[in-house]
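Under the UniProt record's numbering, the sequence shown is numbered contiguously, ending at residue 323. Note that CB positions come from ideal geometry on N, CA and C, so glycine has one too. Here the structure is a predicted model, which is why all the values come from computation and not from measurement. Single-structure report; data block below.
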Amino acid sequence: MAIPQTKMELRPLGNTGLKVSAVGFGASPLGSVFGPVAEDDAVATVREAFRRGINFFDTSPYYGATLSEKMLGKALKALQAPRSDYIVATKCGRYEEGFDFSPERVRKSIDESLERLQLDYVDILHCHDIEFGSLDQIVSETIPALQKLKQEGKARFIGITGLPLNIFTYVLDRVPPGAVDVILSYCHYGVNDSTLLDLLPYLKSKGVGVISASPLAMGLLTEQGPPEWHPASPELKSACKAAVVHCKSKGKKITKLALQYSLANKEISSVLVGMSSVPQVEENVAAVTELEGVGMDQETLSEVEAILKPVKNLTWPSGIHQN
Ligand code: NAD
């Protein structure tokens, strides 16, 4: 029986023709990367997300060493929904064992991902964290290989992801128009770091859809705090913690504020939030509804921005040095 769904704002994704939910489902937590997640909880979380209008699900073979893809695959299958009702993105080139953006590896990678996801195709196939590879290889070998996969119907659209923003301009300036459909940036459009903003006009001029991930700065802006592996400096971690404590002392949820901040910019097609429980889905979906209704809590936002001002736009190194 079809799952009764509520509606969420859908936004066009560049020139793809896809309409993605403003809040997208980040499935890395389903790979137990932020703490253990039981299969039943993963299935229930995805179901609740879909029921509440989230139609966009993002994963990678890297998350939890393929566990995220397997969990998401099971959860999507359990929906018993028509395939066209949801949009799935996965990635290639980054694995538990390291990076490999060669055409041979990415061809094998999509077949492995499709099997784990129990799907015939993915909507988006991203090259995952390209700053760890040779950007020239991405341009001359990986993206052409992905174009072939597109022709074969295994992926409908092609994307690139990573942390440093200059990787996007490097690649997009060197590939034929339309060869890259979307980019996925993370930790650069949130209360503590909004540097993606400057790149939006360029991305628009290239006709590229923009996905922004990690509005909670990969756990920095949550009450439970970041995982062990979080790469932020102690300075950034402690400023974010101070912001969390401040919100809590006022009886406010920093997660709601942080997510609403990212959602408020409609040039960003979807904000990917990692979710691993039904209450998180409920809260994050309520954040969108409230943003559309009463708007943001401007007073608390100003206070949080003041606390984070000394660390505003502070990031961390990622990838290999490119010349
Ligand atoms: P995030 O900022 O979305 O934070 C996720 C953490 O916040 C998890 O611990 C989650 O359980 C918790 N959380 C979510 N909603 C909450 C709520 N309402 N209350 C309390 N805690 C809450 O970071 P993320 O998961 O790393 O990023 C989102 C998604 O974006 C990922 O799952 C992944 O799909 C994608 N992503 C991609 C890349 C890349 O391609 N390089 C990088 C980062 C993220």
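Near the ligand COA: residue i beta-carbon under 8 Å from a heavy atom
i	result
F99	Ligands present in the displayed structure are limited to the ligand NAD, and the ligand COA is not among them.
Neighbourhood of residue i by C-beta, 6 Å cutoff - its chain only, sequence neighbours within 5 removed
i	result
I167	I130, E131
I3	R51
S185	L196, S212
Y261	V191
N55	S21, Y86, I87
Which of helix, strand or coil DSSP assigns to residue i
i	result
T195	helix
Q237	According to the sequence shown, residue 237 is Lys rather than Gln. Three-state DSSP puts K237 in a helix.
L30	helix
S318	coil
L220	coil
G24	strand
P176	coil
V171	helix
N15	coil
K204	helix
Q5	coil
V304	helix
L165	coil
E299	helix
E292	helix
Range covered by the alpha helix (DSSP H) that runs through residue i
i	result
I211	Unbroken run through I211 is the beta strand (DSSP E), 209-213; no alpha helix (DSSP H).
N313	No alpha helix (DSSP H) contains N313, which DSSP labels as neither H nor E.
Range covered by the beta strand (DSSP E) that runs through residue i
i	result
A155	155-162
Y186	182-186
residue 343	Nothing can be reported for residue 343: it is not among the residues displayed for the chain, which extend from 1 to 323.
P12	10-12
Neighbourhood of residue i by C-beta distance below 7 Å, restricted to the same chain and skipping five residues each side
i	result
I110	C92, L125, L149, K154, A155
K250	T300
V175	V139, I143
P12	K19, S269
N284	V23, L259, V273, M275
T45	M275, S276, S277, V278, V281
A202	The displayed chain sequence assigns Tyr, not Ala, to residue 202. Contacts found: T169.
Closer than 8 Å: residue i CB and nearest the ligand NAD heavy atom
i	result
G295	no
residue 401	Nothing about residue 401 can be read from this structure; the chain reaches only from 1 to 323.
C247	no
T195	no
K91	yes
D173	no
C187	yes
L221	yes
Q260	no
A22	no
D58	yes
Contacts around residue i, its chain only, beta-carbon distance under 8 Å, and the 5 residues preceding and following it disregarded
i	result
R116	P61, T66, E69, K70, G73
Q118	G73, K74, L76, K77
Which runs of the alpha helix (DSSP H), 4 residues or longer, sit entirely within the segment 40-117? 67-79, 103-117
Every unbroken alpha helix (DSSP H) within the segment 241-289, with a cutoff of 4 residues, ordered by chain: 254-263
Complete runs of the beta strand (DSSP E) confined to the segment 116-155 [at least 3 residues]: 122-127
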